[in-house]
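Novice: This is the structure, below, for whatever I ask next.
There are 2 protein chains.
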Amino acid sequence: MPVSTPESHTRVLLAERPVGEPTPASFRVETVPVPEPADGQVLLRTVYLSLDPYMRGRMSAAKSYAAPVEVGDVMEGGTVCEVVASRSDQRAVGDVVLAYTGWQEYGVVDARATRRLDPAAAPVSTALGVLGMPGFTAYAGLREIGRPQPGETVVVAAAAGPVGSAVGQIAKISGARAVGIAGGPEKCAYVVDELGFDACLDHRAPDLAGRLAAAAPDGIDVYFENVGGAVLEAVVPLLNTYARVPVCGLVSQYNATSAPEGPDRAPALMSAILTQSLTVRGFIQTEFVKAHHADFLRDMAGWVADGRVKHREDVADGIAGAPEAFIGMLRGRNHGKQLVRVGVDPEGAGA
Amino acid sequence: MPVSTPESHTRVLLAERPVGEPTPASFRVETVPVPEPADGQVLLRTVYLSLDPYMRGRMSAAKSYAAPVEVGDVMEGGTVCEVVASRSDQRAVGDVVLAYTGWQEYGVVDARATRRLDPAAAPVSTALGVLGMPGFTAYAGLREIGRPQPGETVVVAAAAGPVGSAVGQIAKISGARAVGIAGGPEKCAYVVDELGFDACLDHRAPDLAGRLAAAAPDGIDVYFENVGGAVLEAVVPLLNTYARVPVCGLVSQYNATSAPEGPDRAPALMSAILTQSLTVRGFIQTEFVKAHHADFLRDMAGWVADGRVKHREDVADGIAGAPEAFIGMLRGRNHGKQLVRVGVDPEGAGA
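Sequence lines, in order, name chains A and B.
Just add 53 to wherever you are in the first sequence, counting from 1, and you've got our numbering.
Just add 53 to wherever you are in the second sequence, counting from 1, and you've got our numbering.
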């Protein structure tokens, strides 16, 4: 039964460009009237908002693949929504859709900018996680760049998170060894015991480099880069000839305010690239949608259904709690895909 | 007419692993008996020895794509030689061959480890330069990794050298703009006026970054990396989305004894890789011989013959002068492909 649409709703704006780590003051929560859809548009009620590390980049004005969020604008983000009013024959009231309406309770978009979800096929929240952008990032990055072969060793950090967990599990399906890196013993136990990685190292414990060398005795063939920093430094000396390094994120350095103190590690990185004939390739998953998204939905839905790919969600409640959940996620406090439950799930299901 | 073979010959050994820049003390010149070929082997008299930056890597024990030269062993290197004795039906006395006999006047190798050259087709010294390993490095790195498209901008350093000069000229043939970087106004004038690059910047003059930005107003699509260091630092902020960076050398850092002082530039490099979806790929030309060497010989010989690719050689005289010529080359003192004329050219031609 549809929820009746209120007069006003709550949204979260970028209040200022953070210098270093975002704080609550980086955001402003405000209440405004619910907008009206124009011709061809739909009014959407947000059910789940996805919080992802890339959003830290959108808060900055630095050159990137995407334009930044302007100060005073609504924070961007992927959402699962219910259609509550439609002025398009493509979407009906009650449809559950994937959209990009951002950090707000209601949003108006072109009906064509939404993708309809089938709540009977999978919990709709998974369209933001294992069956959504993070899962596809893992899938496409491995398929296009990483190309793990049977017997090879794949290393990924943030291994309990939505991208890392999918990377390791897809690597296992490909016949490779999966070595994860995660923050704390609880996450590491989950990565090995639940997700089936061959090993998982706590990056907070001492001597990551030595433990990684022990966990990857034949070297590293694929390093799926999503964190940078100390993990990258530990990985580089272990990369084998022709190793591949898909780079989808660098969460450890998103809050940096200047180049870190030396020594300068760029020469050692370039030297490894040269002497080991490495391929280091940055990417954003949108580049590969046309080539691989249909295969992804088929493969990943099958793997989730038969239990070969497991996933976990960490759900905060209420749009006003999004800033705190986001700040916590950048600190690694989440356990699994970070979502915000913004409104009631029309199926009563979900995470 | 064959030169008569002496009893003894001169060769250059690695005397010690250099710490930092090699010095004359890094090498030892000695005179030893000329060896005898065994069954299947040929005795070769060196005509030209090639000196190349990669040899600095072979002097170190650091992990690399190739085993190092051991202290006390003859320095390795590509050579053009005359067969002076043969115990193989594959090579006859008087044949001129490409071999890998290193820094010595005579050498014995398996006949099958040589490639016969046709002195009528091109001066035999070119088999070590524009029609040899350096030319092929440029050709294969562009064809496999750089893939310059019409209207794109290709940047290469050491642009007066054998790899850089070929990179820029092949880029021009591909319809791209070529921007070179070289040491000093004389080399830069040569690169533009003789080789036909669109621009060449003197890396010894101030504000390389600013001048490079002005010379590449549409950004950089291919950076053919052979030097690293300050040039790389100036290039990175100008790289366009999906730019390609073939890495064939890092001559500016070969003599480094430790990681340079900070700031740490690795995060900025990784950030560019991520946000611009860059491909950075190290390679050594041997990887691509099977796929591209026949095409290379055909294409490059044609370009040299019709004047579309020009080249220049810098020839030192006598094997005992090889260390000094090598040290000078690492300092950028050579102008064009660095060779050592070790013995008389059987054709009387050559550089």
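Backbone N, C-alpha and C define an ideal beta-carbon position, used for all residues, glycine too.
Since the model is a prediction, treat every value here as computed from it, not as a measurement.
1) Helix or strand or just coil, what does DSSP make of residue 241 (chain B)?
2) Helix, strand or coil, according to DSSP, for residue 154 (chain A) in the structure here?
3) Can you have a look at residue 239 (chain B) and say buried or exposed, based on whether 16 or more other CB atoms are within 10 angstroms of its CB?
4) Compute the distance between the beta-carbons of residue 168 (chain A) and residue 90 (chain A), then report whether it is under 8 angstroms.
5) Does DSSP put residue 337 (chain B) in a helix, a strand or coil?
6) Between the C-alpha atoms of residue 72 (chain B) and residue 307 (chain B), what's the straight-line distance to the nearest angstrom?
7) Quick check on residue 299 (chain B): does DSSP put it in helix, strand or coil?
8) Using a 10 Å radius around the Cβ and a threshold of 16 neighbouring Cβ atoms, would you call residue 278 (chain A) buried or exposed?
9) With a cut-off of 8 angstroms, does the C-beta of residue 239 (chain B) fall near any C-beta of chain A?
10) To the nearest angstrom, how far is it from the Cα of residue 74 (chain A) to the Cα of residue 183 (chain A)?
11) Taking DSSP as the reference, what is the three-state secondary structure of residue 246 (chain B)?
12) Please report the distance separating the alpha-carbon of residue 92 (chain B) from that of residue 136 (chain B).
13) Look up residue 43 (chain B) in the DSSP assignment and say whether it is helix, strand or coil.
14) So, helix, strand or coil for residue 421 (chain B), using DSSP?
15) Using 8 angstroms as the limit for Cβ to Cβ distance, is residue 216 (chain A) near chain B?
16) Suppose the cutoff is 6 angstroms on Cβ atoms and the five residues either side in sequence are ignored; what does the same chain contact list for residue 227 (chain A) look like?
17) For residue 64 (chain A), which of helix, strand or coil comes out of DSSP?
18) Is DSSP giving residue 192 (chain A) helix, strand or coil here?
19) For residue 214 (chain B), count neighbouring C-beta atoms within 10 Å of its own C-beta (all shown protein chains included) and say buried if the count is 16 or more, exposed if not.
20) Name the DSSP bridge partner or partners of residue 372 (chain A)?
21) Hey, how far is the Cα of residue 377 (chain A) from the Cα of residue 181 (chain A)?
22) Would you say residue 272 (chain A) faces chain B, with C-beta separation under 8 angstroms as the test?
23) Taking Cβ-Cβ distances shorter than 7 angstroms, what residues in chain B pair up with residue 330 (chain A)?
24) Kindly indicate if chain A contains any beta-carbon less than 8 angstroms away from that of residue 226 (chain B).
25) Quick one, which residues of the segment 292 to 314 of chain B are near chain A if we go by CB-CB under 8 angstroms, in chain order?
26) Just to confirm before moving on: does the CB-CB distance between residue 338 (chain B) and residue 190 (chain B) stay below 8 angstroms?
27) Determine the chain C residues that contact residue 318 (chain B) at a beta-carbon separation under 8 angstroms, and present them in chain order.
28) Any beta carbon of chain A sitting closer than 8 angstroms to that of residue 392 (chain B)?
29) Quick check: is the beta carbon of residue 261 (chain B) nearer than 8 angstroms to any beta carbon in chain A?
30) Hey, how far is the Cα of residue 117 (chain B) from the Cα of residue 329 (chain A)?
31) Is the Cβ of residue 323 (chain B) closer than 8 angstroms to any Cβ of chain A?
32) Can you name, in chain order, every residue of its own chain whose Cβ lies under 6 angstroms from the Cβ of residue 80 (chain A), other than the five neighbours on each side?
33) Would residue 297 (chain A) and residue 199 (chain A) be called neighbours here (beta carbons separated by less than 8 angstroms)?
Specialist: In short, the structure shows the following:
1) helix
2) coil
3) exposed
4) no
5) coil
6) 10 angstroms
7) strand
8) buried
9) no
10) 27 angstroms
11) helix
12) 15 angstroms
13) With chain B covering 54 to 404 only, the question about residue 43 (chain B) has no answer from this structure.
14) Beyond the ends of chain B as shown, which are 54 and 404, falls residue 421 (chain B); an answer cannot be given.
15) no
16) 201
17) strand
18) helix
19) buried
20) Answer is none; residue 372 (chain A) lacks a bridge partner.
21) 19 angstroms
22) no
23) 118, 335, 336, 337 and 340
24) no
25) 294, 300, 301, 302, 303, 306, 309, 311, 312, 313 and 314
26) yes
27) In the structure shown, chain C does not exist; the protein chains are A and B.
28) no
29) no
30) 6 angstroms
31) yes
32) 65, 68 and 376
33) yes
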